[in-house]
Each structure stands twice: as C-alpha cells, then as structure tokens.
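Everything below concerns the one structure shown next.
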Amino acid sequence: MNKLLLLVILIILTLNISALNPTKYYEEFFTSFLSDPNSIQNYLPEETIYAANVLGITYDINYPKFLIGNIPTENIRKILLNDPDKYQLTINDLGEGYSHLEVSIIHGKLNYFFKNLQLISEADYSTRNWQTQESEFFRFRFPTGNPPDLIAVKQLDDFAKLTLNTLTCSLSKVEQLKEEKINYLFCPDEDTIDLVTGFRTRGICLLNQDYVVSRFPAHFHEVSHMLINYRIQENQLFTHPFLLEGFAVAMGGRGGKTAEIILNIGLFLQNSGFANYEELLSLEGFIQMDASISYPVAGLYNCFLMNNLDFDSYLNLYRKYGNDNGNFNSIQITELPLKSDWEKFLINADFQTIALNNKTNYSSILNTDSLKVGQSKEYFEFHTKSPIKIDFEAGKFQLTVSGRFKITCNENEVNILDTATGNLVATYVNGFTLENQPVEKQNGLWHFFVKRSVFE
Ligand SMILES: [Zn+2]
167 MNKLLLLVIL
177 IILTLNISAL
187 NPTKYYEEFF
197 TSFLSDPNSI
207 QNYLPEETIY
217 AANVLGITYD
227 INYPKFLIGN
237 IPTENIRKIL
247 LNDPDKYQLT
257 INDLGEGYSH
267 LEVSIIHGKL
277 NYFFKNLQLI
287 SEADYSTRNW
297 QTQESEFFRF
307 RFPTGNPPDL
317 IAVKQLDDFA
327 KLTLNTLTCS
337 LSKVEQLKEE
347 KINYLFCPDE
357 DTIDLVTGFR
367 TRGICLLNQD
377 YVVSRFPAHF
387 HEVSHMLINY
397 RIQENQLFTH
407 PFLLEGFAVA
417 MGGRGGKTAE
427 IILNIGLFLQ
437 NSGFANYEEL
447 LSLEGFIQMD
457 ASISYPVAGL
467 YNCFLMNNLD
477 FDSYLNLYRK
487 YGNDNGNFNS
497 IQITELPLKS
507 DWEKFLINAD
517 FQTIALNNKT
527 NYSSILNTDS
537 LKVGQSKEYF
547 EFHTKSPIKI
557 DFEAGKFQLT
567 VSGRFKITCN
577 ENEVNILDTA
587 TGNLVATYVN
597 GFTLENQPVE
607 KQNGLWHFFV
617 KRSVFE
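Residue numbers (the numbering used here): 167 to 622.
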C-alpha cells in the first residue's frame, strides 16, 4: 500500500514537473547524458532494462547497451557539453504520452523517444501498436493483420535449433532461449523497415535490444548473427567482417538465397580464380571487394573453418578478431588451418542443389503434360514447363495455382523460390559453372535434377 502511494505521488510529481517546464526536463536529460551516458539508466523503464538483458548478451562498452547505435563519440559529446550553442533541442509531442526529442548537431540529428517521460527506443515507439505472436524460439511482432507465414515460422524455429546445435550451445541455454525468446520485428515492406530502423534494408540486428528486424519472416542470415552473439554472451562490439559475415553466410545464406546457394557461388569464385579468400583477410581487402563476391567467399572459408576446427577453436578465432573500435589487423595465415586442408576441402565440397546430368535410374512419381517428376535416392528428376507452381507434401508433388514452390527456367538458369520464406532454395546458373552447360528442353519441357533435401 505504501509503495503504491509513493508511486502515485511520484507520478503526480513527475507529471507536474513536466507540465510546468517540459523543456527543462529534456535539457536536463540531454546534458546529463552528455556528461555521463550511464545516467540514461535513470530514464529507462525497468521493463526495458530487463528485456535488453534477459538473454545475457553483453558488449564490451563503457556506456549502456541501450545506446548502441545511438550515441555520439566521446569527442563530440565533450564539444557539445562545453558549448550548448553547438546543438539545438526540438521537442515534439506525439500524443498518448509519447514525445520525441530531436537534437540537431553539426553532423546531423540525434533522436530520442519517450513514453511518459521515460526513454524508449525508436523501434519500440514505431511498433507500439503492433501485434505479437510467439513460436518455439521467437516472439514475432508485426503490423496488425500482417502475421508471418506459419511455414516460414516453422522453418525459422528449425533453423534456430540446428544453428544452436552447431554453436554447441548447452541444453540449458537452448531451454533459456525457448523460454525468453528472440524478439523478431517482421516488417512486411520497405517503408515499414525504414520507419522501424531508419534504414532501407532487407534486415538488421539491433544490438541495443537484441532485436532481429527483417522484411522476411525467416531471415536466416540475421538470426545467425544474433545466435552466435547469444552463444558468446560476453561479446565485443565489432568483429572482423571476414568472420562476422562469413559465419552468417555459412549458416544462413544471404540476400534471399540459402546458405547452399551462396556457398556454391563462393566455390565457383574461388575455383575459377575470380576471387581468393586471402584477399579478404585484411579489413581493407574485405571492404574494397564487392559484397556479392566477398560474402560468398568468406562464407565458404568459414564453412571450411567450422569443418576443420573444433567449434571452441573456431569461436576463439572469431573472438580474437573482435574489438570495440572496428579497426582490425589482417587475420594471420599462421592462425588458420593448413592450406593443404583447404585445398582438400575445395576438391570435396559440393553445394550444388540443381544438376543437369545425373545418370541414376529414376522411378516416376508424377506424370502430367506440364510436369513430370521421377525420384532416386538423392535427387528428383524434373521435366517441367516454366513458370510453374508446385507443392510438396508427404513425399508427393502437386501442381497448384498457389503452390509454395515457384520454378522458373530458361536455357541459362533454373530457379526454385520458396514463396513461404521468400528465399531462393535452389538454383542453377550456367554462368556460375566451369562447364558452362545450358539447360536443355526435352519435348517442350525443361530437364534438370534437384537434390531431395531442397524439398524434404
Ligand atoms: Zn550480416
């Protein structure tokens, strides 16, 4: 009862202060933030502090985790503190107890959002009226009426389970994640993700609150970033991109393409001599190379590392090339496995999901005018028109107008898109093979073979 009374008095006092002089409140907030960023703890609601720490993911920084991505450098903070003329505060009342403090400084703007005078994130403000739905490992938040596809949700849960296993997460940590869940903000379009994150991006991890934000309901790449940070727990803020992105690509693919597809591109780039992982071991080398080349090759090499090293050694390497400033020395060749092991890996690696030649005997499982499918132990043989939509359930293919898998072919390419996740799950691109063999048509139908694992 006493506590309740105290709370009521505090609320009345707070409201009175803000009603009397709201500007002063925000000024005090900003100057105390400039002199000591840790003072923002006083402005954070308890539930926000709890939620940002519940997974135990920390970063080696000397300011609150909540400020990651939204804090000026120490130098700029000093300049602003010493000269209040160098910044200007604008306060916007957003209604329903929400307000927005915009700080204009020489190099741009800083934005802080408040609810009843307590600090909240821009992501929490912009998703304040969203719906919530939980799965095994995730708490999805999405705009009303736009829930994530349930097949995609199941795929993401399965992916999380597999990745936690690869990461050698303890059973208790897996159970903890099932209990607490990863917050996944599902933004169905580009405008929404721009509103939530300030970026026109496909997806991003917001480290300050452990949020995965994505335009796709099953963004394996971003979830990989979050899961390795969960495994490490006490993280450095930056990791050398060869390892950071290499890991996420090896586990989760990139840009709407599954890991196998990207790794296959990496294998082609490495084997054909278009690119070499050694060029990516320096930070400059990685940054200078186009991401469509650097990411697949880094992914391939990280896949090799995870195959070649025990996982603790891999994590040690990953952590060794992390720091709090983002400047990195080149990764030393002496820290990597023997080159002969890498060459052996390249010879044996096989990420091809679609083949044009496969001599095994196939038994027919579907025979229509526009689609014929045969099966062997490892592959399905397709004769198909293009484009075509199919479903695959309980070992059977079915032609349906709203089919989950969309197959498109021409003589240069075969693509299979999983419309549930928005991911390309199998592809053959003539230009990305050393043989350069075109896709053939037999009796008016495109002919190729697809690994069973693509559908099963
Ligand atoms: Zn990434």
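Ideal placement from N, C-alpha and C gives every residue a C-beta, glycine not left out.
None of the values given here were measured: they were computed from a predicted structure.
Going by DSSP, what residues sit across from residue i in a beta bridge?
{"i": "Gly147", "result": "In this structure the chain extends from 167 to 622, so residue 147 is not present and cannot be described."}
{"i": "Asp259", "result": "Ser265"}
{"i": "Ile271", "result": "Gly274"}
{"i": "Ile520", "result": "Val616"}
So, is residue i buried or exposed, given that buried needs 16 or more other C-beta atoms within 10 angstroms?
{"i": "Asp259", "result": "exposed"}
{"i": "Pro462", "result": "buried"}
{"i": "Asn182", "result": "In this prediction, Asn182 has a pLDDT of 49, which is less than 50 and means its spatial position is unreliable; what the coordinates show is noted afterwards. Answer is exposed; the Cβ neighbour count stays below 16."}
{"i": "Met167", "result": "The pLDDT assigned to Met167 is 46, lower than 50, so where the model puts this residue is not dependable; a value taken from the coordinates is nonetheless given after this. Met167 comes out exposed."}
{"i": "His385", "result": "buried"}
{"i": "Pro238", "result": "buried"}
{"i": "Pro407", "result": "buried"}
{"i": "Arg368", "result": "buried"}
{"i": "Asp290", "result": "buried"}
{"i": "Gln375", "result": "buried"}
{"i": "His273", "result": "exposed"}
{"i": "Val567", "result": "exposed"}
{"i": "Arg366", "result": "exposed"}
{"i": "Pro314", "result": "buried"}
{"i": "Ala185", "result": "Residue confidence is low: Ala185 scores 48 on pLDDT, short of 50, so the model does not pin down where it sits. Its coordinate-derived value is still stated next. It is exposed - the Cβ of Ala185 has fewer than 16 other Cβ atoms within 10 Å."}
{"i": "Leu179", "result": "Confidence in Leu179 is poor, its pLDDT being 49 and thus under 50, which makes the residue's placement unreliable; the coordinate value appears in the next sentence. With fewer than 16 Cβ atoms within 10 Å of its Cβ, Leu179 is classed as exposed."}
{"i": "Lys423", "result": "buried"}
{"i": "Pro604", "result": "exposed"}
{"i": "Arg120", "result": "No answer is possible for residue 120: the residues shown for the chain start at 167 and end at 622."}
{"i": "Glu388", "result": "buried"}
{"i": "Gly597", "result": "exposed"}
{"i": "Ser390", "result": "buried"}
{"i": "Asp584", "result": "buried"}
{"i": "Ile394", "result": "buried"}
{"i": "Ser460", "result": "buried"}
Does DSSP classify residue i as helix, strand or coil?
{"i": "Gly222", "result": "coil"}
{"i": "Ala234", "result": "Correcting the residue identity first, residue 234 is Ile in this sequence and not Ala. Of the three classes helix, strand and coil, the one that applies to Ile234 here is coil, per DSSP."}
{"i": "Ala185", "result": "Summary for Ala185: the model assigns pLDDT 48, below 50, so the residue's position carries little reliability; its value from the coordinates is reported in the next sentence. DSSP places Ala185 in helix when its eight states are reduced to three."}
{"i": "Ser287", "result": "coil"}
{"i": "Ala515", "result": "coil"}
{"i": "Gln498", "result": "coil"}
{"i": "Gln603", "result": "coil"}
{"i": "Lys244", "result": "helix"}
{"i": "Asn609", "result": "coil"}
{"i": "Phe440", "result": "coil"}
{"i": "Phe196", "result": "helix"}
{"i": "Lys281", "result": "strand"}
{"i": "Lys252", "result": "helix"}
{"i": "Lys423", "result": "strand"}
{"i": "Leu210", "result": "coil"}
{"i": "Gly633", "result": "Past the boundaries of the shown model lies residue 633; the chain is included only from 167 to 622, so the question cannot be answered."}
{"i": "Asp315", "result": "coil"}
{"i": "Ile227", "result": "coil"}
{"i": "Asn527", "result": "coil"}
{"i": "Asp478", "result": "helix"}
{"i": "Asn635", "result": "Here the chain covers residues 167 to 622 and nothing more, so residue 635 does not appear."}
{"i": "Asn204", "result": "helix"}
{"i": "Glu148", "result": "Here the chain has residues from 167 to 622 only, and residue 148 is not among them."}
{"i": "Glu509", "result": "helix"}
{"i": "Phe325", "result": "helix"}
{"i": "Phe621", "result": "coil"}
Along the chain, where does the alpha helix (DSSP H) that runs through residue i open and close?
{"i": "Leu504", "result": "Careful: Leu504 lies outside any alpha helix (DSSP H) and carries neither H nor E."}
{"i": "Gln454", "result": "449 to 454"}
{"i": "Phe470", "result": "457 to 474"}
From what residue to what residue does the beta strand (DSSP E) around residue i run?
{"i": "Phe308", "result": "304 to 308"}
{"i": "Gln299", "result": "297 to 300"}
Answer yes or no: does any C-beta atom of chain D fall closer than 8 Å to that of residue i?
{"i": "His273", "result": "Absent here is chain D; the protein component of the structure consists of one chain."}
Flag residue i as yes when its Cβ comes closer than 7 Å to any non-hydrogen atom of ligand 2, and as no otherwise.
{"i": "Glu411", "result": "In the structure on display, ligand 2 does not appear, and the ligands it does have are ligand 1."}
Practice prompt. Output the residue ranges of the alpha helix (DSSP H) runs that lie fully inside the segment 328 to 410 and measure 4 residues or longer, sorted by chain position.
Written response: 337 to 346, 356 to 363, 386 to 398
Item to complete: List in chain order: all unbroken beta strand (DSSP E) runs of 3+ residues lying wholly within the segment 529 to 594.
Response: 529 to 533, 537 to 541, 545 to 550, 554 to 559, 562 to 565, 571 to 575, 579 to 584
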